[in-house]
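So that you can map any letter, position 99 of the sequence shown is 362 in my numbering, and since no number is skipped, the others follow by simple counting.
Following: one structure in structure tokens, then a few remarks.
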Amino acid sequence: MARSSVLGGILIALLVVAAWVFTYPTDTRLGAGITARSLASRPCIVRPSFAARSTVGATEAEPAVRKPIRQVFEGRVVSDNLDKSVVVRVERFVKHPKYHKRVRLSKNYIVHDPDNTAETGDRVKISSIAPVSKRKAFEVKEITRKAIK
């Protein structure tokens, strides 16, 4: 029983290798000093099945352009001690998986504030941008409510 399963596995492996070899385009470059080993190791030669998949959804006239997805959060400014930056705490509620109670989770974001307009206690909307520094990838879009002093 074990011998037939081993032989079946070897047969399947040989069929896979044969199918892989025959999908390469046949051309005369092998006679021009390029060996089969160097031809197979080149990343620029793509099997036809993968090349067909890579162009799905894009036309020749207009390539597919990925539009960046902007995350928008609303939170409270907890610190404005940094220059051109504020720390914003964003709170969200999640349902506890076992007890089904709503649990408050919060996360602090370091947010770019180029005009230093936001102050501690303000409610602000923040939006994701290209990273400005190591930990700063959001900016203040608008101040929705000023803090009462």
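Ideal placement from N, C-alpha and C gives every residue a C-beta, glycine not left out.
Since this is a predicted model, take the numbers as computed values, not measurements.
Within 8 Å, strictly: CB atoms of residue i and residue j
| i | j | result |
| --- | --- | --- |
| Leu-368 | Arg-355 | yes |
| Ser-390 | Gln-334 | yes |
| Pro-377 | Lys-347 | yes |
| Asn-371 | Arg-352 | yes |
Among the options, the one whose alpha carbon lies nearest that of residue i
| i | options | result |
| --- | --- | --- |
| Phe-336 | Lys-388, Ala-400, Pro-394, Val-349 | Lys-388 |
| Glu-382 | Thr-407, Val-349, Leu-278, Gly-271 | Val-349 |
| Ile-406 | Arg-398, Pro-360, Ala-400, Val-340 | Val-340 |
| Ser-409 | Gly-384, Ala-400, Ser-342 | It is worth fixing the name first, because residue 409 is Lys in this sequence and not Ser. For Lys-409, the nearest C-alpha among the options comes from Gly-384. |
| Asp-343 | Val-403, Gly-271, Ala-282 | Val-403 |
Bridge partners - residue i, DSSP secondary structure assignment
| i | result |
| --- | --- |
| Val-341 | Per DSSP, none; premise fails for Val-341. |
Environment of residue i [buried if 16+ CB atoms lie within 10 Å]
| i | result |
| --- | --- |
| Val-366 | exposed |
| Ala-393 | exposed |
| Val-269 | exposed |
| Gly-338 | buried |
| Val-374 | buried |
| Ile-411 | exposed |
| Val-357 | exposed |
| Val-280 | exposed |
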